[in-house]
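Below is one structure; the comments refer to it alone.
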Amino acid sequence: MRILLLIFIFSVSVSSRADEGMWLPNLINIMNIDDMQSKGLSLSAEDIYNVNKSSLKDAVVALSWGSCTGEIISKEGLLLTNHHCADDLIQFHSTTEKDYLKNGFWAMNKSEELANENLTASILVRIENVTERVFSKINTSGTEDDRRKKIRAVANEISNEISDTSHYTSRLRSFYGGNEFYLFIYETFLDVRLVGAPPSSIGKFGGDTDNWMWPRHTGDFTLLRIYADTNNKPAKYSKENVPYKPKYHFKIQLDGVENNDFTMVYGFPGSTDRYLTSFGVIQALKLKNKTIINIRSKKLEIMKEGMDKNRETYLKYATKYSSVSNYWKYYIGQNRGLRKLKVLEKKKNQEKSLKKWIHSGGDIKVEKYKNVLPSIENAYKKNEAILVSRTYLNEAIFRGPEILYFSYSMQREIKKAIESRNTDLLDELDKRAVNYYKNYDESIDEKMLSAMLEMYYYNVPEYQHPSIFKKIKNQPFSRSLDFDYFASQVFKKSIYSNQNKFSKFIKTPSLYKLSSDPAYQIIESIYSYYTNNISQTRKEVRDELSKNNRIFISALKEMNSSNQFYSNANSTLRLSYGNVKDYVPSDAVHYDYYTTITGIIEKEDSTNEEFVVPKKLIDLYNDKNFGRYADSDGNLRVNFIDNNDITGGNSGSPVLNAYGELVGTAFDGNWEAMSGDIVYEQGLQRCISVDIRYILFIIDKYADAGYLIDEMTIAETRKQ
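Each residue of the sequence shown is one higher than the last, beginning at 19 in the numbering used here.
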């Protein structure tokens, strides 16, 4: 019986299986290097992560603190990332006269490169295990609030130590639910410029239809450049800054990849929930995902209607639409994957084995772990009562009509400026609003306000309705619950409706008019209700889950003490590794491991914006003018897949071969494994990447920007 139990426990373990795991690079020398080398790696652990000399880690960059990843590909700080990681930059610099989204952008020399406010590039200096230091400050019998305060105090203490002795910044991160702590020290550059981007018809080819799908034919890349001061140190934008001289940059390998080749992905994955319990899976399926899908479906419908009217509005909303659409489709796919791959059943089996393990030990183990699963279940039951309300607050209000969040974010500063008679601050706020209104359409936002309030009213339980809905109910002239009329009156009267109204108010500000603004009153009503009636329950749920998830993960690690464990992704530098692999998604269906430019031509549809192909690319295809970027059969490969373990945040990550040479750039996952953030699906999960040869082909042959390739280092062929 005990042998059978051990076999069962091992079969549902959350520890790493082949190809699964997002590993801390400072630990691969003791956890992974033998396995990596057995799979084909030709490097040492020190080649990958080293604090005493240059290594691969020095060429991996976190963009804006991990929203995406990039890689340095030249001695002059040239940085490669995804098109979708930079589409907000491309859109910001676009006008109807200079439509970089439609036509692409290429700086033909460094003086033409475009500066980007608030875009940062952080390079990891080192990682330190500070678990003992953190735990020495924590009272294990204290509350979760006390625990968080102590952890913040340690983080601030360390941050001050780092900043007092260097120009570096630091971030303290918890691992395994708070059972371990690591310090990440970065060099963060503040001047990152746009160098080149293909048109959206290449960089976003396939659009929403192909998003999260394989086969894929997308040239999802953009080039940036890191600038530094004359001492090669981070500095704010200045014309005097010079291209950054990196410690290391990736060589580019034009041999490409073949099926079963070793590959690794080095980047900053955002977040995963691999230790989520069955109770969390049930709530995702039953409430959370469905609610998000419904809200985002309506938002996309409203934006699309406005964007289709003219190119100017399209440019304003293209990035916003993509942002909403990306995770709208993600949650649809996740629900599908959770059901089809029986993730709930897997989680329940895991918990069943954990219960058996707990009660198979002595009294100490039972006392330590017996309440963990009931406590987690109780927390989710408590959360169920407030989840829809919380989701509507986040998705329909704070991320819904822009006028609401803009009024909320501006209110305090305007009030402060009026009360202190600070005209300089008022002028600054007026200037700040210019960027906001640059990408804003009043008519779209009015429809958004009406739709989001209506959805909130009919989907959030009535006993959780804030007072603003009484006002909508009691509108005059038989307008009760006429959300269109209510929204029209808000936009008619609000100072935030458009730039002219806002600037006029700033010139003659009034505290009364500010506090009585109808847009602000909406968000104030909803958020006040949340603060007074929902937030305490939310805090209790958060604390109960924080504490018991920590215990749950500790129990899982103890149960499987002979196996290697990786922590959930948390926007810190991680390494995953595996092999290039085709796959079989369903009966009688086989997907090859790469696509070619022929597939682009086959998908071409001039009547569908998602599948328009630029004439020049068609001409290059017809001429078969692929140059040195063709494979051994004369084809130009576009995308390829491997079984590396990735998630959001890995977008733009370097895909490296066994020698640490760049063979591609990761940009997506596949539809059949959309539950992968919760359970890695061996045999199905794939990382989709742009073949580096297609990237260089577009730069060289399509954009005629060969000078950029001249500054890259092309590795010698390894083909015999």
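Think of the CB as a built atom: it goes at the ideal place given N, C-alpha and C, for glycine as much as any other residue. Every value quoted in this text rests on a predicted model; they were computed, and no experiment measured them.
### Query
Tell me which same chain residues have a C-beta within less than 6 Å of the C-beta of residue 653, skipping the five on either side of it?
614
### Query
For residue 755, which option in 176, 110 and 733 has the closest C-alpha, if you only look at C-alpha atoms?
Given a span of 19 to 738 for the chain in the structure shown, any question on residue 755 remains unanswerable.
### Task
For residue 377, count neighbouring C-beta atoms within 10 Å of its own C-beta (all shown protein chains included) and say buried if the count is 16 or more, exposed if not.
exposed
### Query
Helix or strand or just coil, what does DSSP make of residue 608?
strand
### CA-to-CA distance, residue 198 to residue 166, given in whole angstroms
14 Å
### Message
Applying the 10 Å Cβ sphere with the 16-neighbour rule, what's the burial state of residue 104?
### Response
buried
### Message
Starting from residue 324, trace the alpha helix (DSSP H) in both directions and tell me its first and last residue.
### Response
307–325
### Query
Exposed or buried, what is residue 83 when buried is set at 16 or more other beta-carbons lying within 10 Å of its beta-carbon?
exposed
### Message
On a Cα-Cα basis, can you pick out the residue from 552, 593 and 346 that is closest to residue 230?
### Response
346
### Task
Determine the contact status of residue 215 and residue 124, defining contact as a CB-CB distance below 9 Å.
yes
### Query
Hey, which unbroken runs of the alpha helix (DSSP H) at 4 residues or more fall wholly within the stretch 107–161?
118–121 and 149–153
### Query
For the candidate residues 379, 306 and 380, whose alpha-carbon lies nearest to that of residue 348?
306
### Query
What span of residues does the alpha helix (DSSP H) with residue 505 cover, start to end?
501–511
### Task
On a CA-only basis, which of 454, 110 and 270 is nearest residue 729? Give me that one, please.
270
### Message
In whole angstroms, give me the CA-to-CA distance for residue 674 and residue 661.
### Response
13 Å
### Query
Is it right to say residue 326 is buried, meaning 16 or more other beta carbons lie within 10 angstroms of its own, or is it exposed?
exposed
#### Entry: Residue nearest to residue 303 in terms of C-alpha spacing, selected from 218, 66, 402 and 233
402
### Message
Are the CB atoms of residue 300 and residue 398 within a distance shorter than 9 Å?
### Response
yes
### Task
Would you kindly work out how many angstroms separate the C-alpha atoms of residue 721 and residue 687, rounded to a whole number?
28 Å
### Task
Evaluate the contact criterion for the stretch 200–212 versus the stretch 240–258: three or more CB pairs, one atom per stretch, below 8 Å.
yes
#### Entry: C-beta contact flag for residue 532 and residue 700 at 9 Å
no
### Task
From the DSSP output, read off the bridge partner residues of residue 295.
DSSP lists no partner for residue 295.
### Task
Determine the DSSP secondary structure at residue 221, reduced to helix, strand or coil.
helix
### Task
Indicate the three-state DSSP secondary structure (helix, strand or coil) for residue 39 in the structure shown.
coil
### Query
Excluding sequence positions up to five away, which residues of its chain have a Cβ less than 8 Å from the Cβ of residue 25?
Residue placement at residue 25 is poorly supported in this model, since its pLDDT is 34, which falls under 50; the coordinates are not used for a value here.
### Query
Hey, is the stretch 586–597 in contact with the stretch 281–300, meaning 3+ C-beta pairs nearer than 8 Å?
yes
### Task
With a 10 Å radius around its C-beta and 16 neighbouring C-beta atoms as the bar for buried, classify residue 98 as buried or exposed.
buried
### Query
Does DSSP put residue 613 in a helix, a strand or coil?
strand
### Query
When you compare only the Cα positions, how much space is there between residue 42 and residue 627?
41 Å
### Query
Between the beta-carbon of residue 204 and the beta-carbon of residue 77, is there less than 9 Å?
no
### Query
Are residue 448 and residue 509 closer than 9 Å when you measure CB to CB?
no
### Query
Would you say residue 320 and residue 469 are within 9 Å of each other, going by their C-beta atoms?
yes
### Task
Check whether the stretch 409–419 touches the stretch 474–484, counting contact only when three or more Cβ pairs, one atom from each stretch, lie closer than 8 Å.
yes
### Pick from 709, 726, 706 and 694 that is closest to residue 362, judged by C-alpha positions
694
### Query
What are the partner residues of residue 86, as DSSP defines its beta bridges?
81
### Residue of 88, 172, 682 and 142 minimising C-alpha distance to residue 156
172
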